[in-house]
Amino acid sequence: MSGFGFIAWIIIGIVAGWLAEKIMKRSHGLLTNLIVGVIGALIGGFLANNLLGIDASGNWIVGIIVATVGAVVLLFLLGLVKKKA
Numbered sequence: 020m021s022g023f024g025f026i027a028w029i030i031i032g033i034v035a036g037w038l039a040e041k042i043m044k045r046s047h048g049l050l051t052n053l054i055v056g057v058i059g060a061l062i063g064g065f066l067a068n069n070l071l072g073i074d075a076s077g078n079w080i081v082g083i084i085v086a087t088v089g090a091v092v093l094l095f096l097l098g099l100v101k102k103k104a
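See below:
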């Protein structure tokens, strides 16, 4: 997702974090949604590029979808770690 600027990363991160929060039925604040969304964008971008060959850079809709999928994966993994701890 390198085709986006800093402001776009923030907007996509907030939207993706919020969507992942709703999908996973969690309750977080705006800052946590931003962090989860941006990290999710990195995870989703890595998975999309390496497993599916999809380039999400520069396309807002694909970027939000990829970031949301990555954020859901992140929240799922964090849930597994939290259960074991």
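Numbering-wise, the working numbering puts 104 at position 85 of the sequence shown, and it's gapless, one number per residue.
Just so it is clear, CB atoms sit at the ideal spot from N, CA and C, and this is done for glycine as well.
When burial is assigned at 16 or more other CB atoms within 10 Å of the CB, is residue i buried or exposed?
{"i": "residue 77", "result": "exposed"}
{"i": "residue 62", "result": "buried"}
{"i": "residue 87", "result": "buried"}
{"i": "residue 26", "result": "exposed"}
{"i": "residue 64", "result": "buried"}
{"i": "residue 31", "result": "buried"}
{"i": "residue 28", "result": "buried"}
Taking just the CA atoms, how far does residue j sit from residue i?
{"i": "residue 60", "j": "residue 97", "result": "16 Å"}
{"i": "residue 56", "j": "residue 33", "result": "6 Å"}
{"i": "residue 50", "j": "residue 70", "result": "29 Å"}
Rounded to whole angstroms, how far is the Cβ of residue i from the Cβ of residue j, which I believe are closer than 8 Å?
{"i": "residue 53", "j": "residue 36", "result": "6 Å"}
{"i": "residue 90", "j": "residue 82", "result": "Contact flag wrong, Cβ pair sits at about 12 Å."}
{"i": "residue 94", "j": "residue 39", "result": "6 Å"}
{"i": "residue 85", "j": "residue 67", "result": "5 Å"}
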